[in-house]
Amino acid sequence: MTGDGPQASVTCSDDGVFTATLTAVDAQGASASDTTILTVGNAAPVLGTVAVDGSGARIEFSDPGTADQHTCTVRWGDGTAPGMLDGALSPCFLPHTYGPGTFTATVTVSDGDGGSVSTSRTVKVASAPWPFRGFLPPVDNPPMVNAVQAGQAIPVKFGLGGYRGMDVFAAGSPASGQISCSLGQTDSVEQAVTAGGSPLSYDAAKDQYTYVWKTDKAWSGQCRRLNVTLADGTQHWALFRFR
888 MTGDGPQASV TCSDDGVFTA TLTAVDAQGA SASDTTILTV GNAAPVLGTV
938 AVDGSGARIE FSDPGTADQH TCTVRWGDGT APGMLDGALS PCFLPHTYGP
988 GTFTATVTVS DGDGGSVSTS RTVKVASAPW PFRGFLPPVD NPPMVNAVQA
1038 GQAIPVKFGL GGYRGMDVFA AGSPASGQIS CSLGQTDSVE QAVTAGGSPL
1088 SYDAAKDQYT YVWKTDKAWS GQCRRLNVTL ADGTQHWALF RFR
């Protein structure tokens, strides 16, 4: 078949060998077809933001092979067994507790088809980090995406293994930034609060800090990542989709 008409294209979600058949039909109903074999090679994953600190690793990645099954692996560099998460979605989170010292962590994302990508991060831990074990309800931790109403005041709750004073945040934290909405499964935040004068409080009975995040109505239709950097140097985040 020859001609200078429209160009056909196809996108494959995985590598492999495929048979493509192109059929052209003219105004009189006559048709002609041609078949070709497509061999699609594997494309390795691509790393995005990679953060490794005293509490573990958080790894963002993408892959044009959307049907691939990914594995996140972190070799911590402190003599302990590697952390591994099979069937990982981006971002993947692997918790780890470092002792004091300087370590080189190696992060690898593989796609199950022989493709992989790695990078290294230096981790400096001056003292043992606070035992942060993730955000508490109503906020879900990654890879879950929290669905919220723009303008809502969200109670962001967490524990640090005891009272650490009221200066638990690093300078400029918490802060949020807009991200792509090509995220994973969502879960609605079912609790809202009335924003008061002080955004941070501590409940001794529950051993729980609560930071009231005052969101902006202008964020409607956006997805954002709330970044929380603690005074011990560790970084934590949660994902949000705003209605």
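Residue numbering for the sequence shown follows our numbering, beginning at 888 and increasing consecutively. Yeah, the Cβ is synthetic: ideal placement off N, Cα and C, and Gly gets one too.
- Within the DSSP bridge table, the entry for M971 names T960 as partners.
- The alpha-carbon of V1099 is positioned some 18 Å away from that of F1019.
- V994 is positioned such that its CB atom lies no closer than 8 Å to that of S1003.
- Rounded to the nearest angstrom, the Cβ distance from P1025 to P1042 is 7 Å, consistent with a contact under 8 Å.
- Here the alpha carbons of A1105 and R1130 stand approximately 10 Å from one another.
- In the DSSP assignment, no residue is bridged to F1022.
- Under DSSP, C1110 takes part in a beta bridge, and its partners are I1066 and R1128.
- In the three-state DSSP reduction, A954 falls in the coil class, being neither helix nor strand.
- Contact between the stretch 935 to 950 and the stretch 1117 to 1125 is present: 3 or more CB-CB pairs across the two stretches fall below 8 Å.
- As far as DSSP is concerned, V1055 takes part in no beta bridge.
- Boundaries cannot be given for L1117, as no beta strand (DSSP E) includes it and DSSP labels it neither H nor E.
- Per the DSSP secondary-structure output, T922 pairs in a beta bridge with T908.
- DSSP places A944 within a strand segment (E or B) once states are collapsed to three.
- For Q1039, there is no enclosing beta strand (DSSP E), as DSSP marks it with neither H nor E.
- Counting only the Cα atoms, G952 lies some 16 Å from G935.
- Put simply, the backbone Cα of V1035 is about 16 Å away from that of S1069.
- DSSP, reduced to helix, strand and coil, places K1093 outside both helices and strands of the structure shown, so it counts as coil.
- Counted as a single uninterrupted DSSP element, the beta strand (DSSP E) harbouring K1011 occupies residues S1003 to V1012.
- According to the DSSP assignment, G988 belongs to the beta strand (DSSP E) that extends over G988 to S997.
- With contacts defined as CB atoms closer than 8 Å, G964 and T1006 fail to qualify as a contacting pair.
- Secondary structure note for L981: its beta strand (DSSP E) is the uninterrupted segment C979 to P982.
- Residues of the same chain with a CB within less than 7 Å of the CB of F1022, apart from the 5 flanking positions on each side, are N1028, V1043, K1044, F1045 and A1125 in chain order.
- Residue pairing by DSSP places W1017 opposite no residue, since no beta bridge is assigned to it.
- Beta-carbon to beta-carbon, V1010 and Y985 are separated by about 6 Å, close enough to satisfy the 8 Å threshold.
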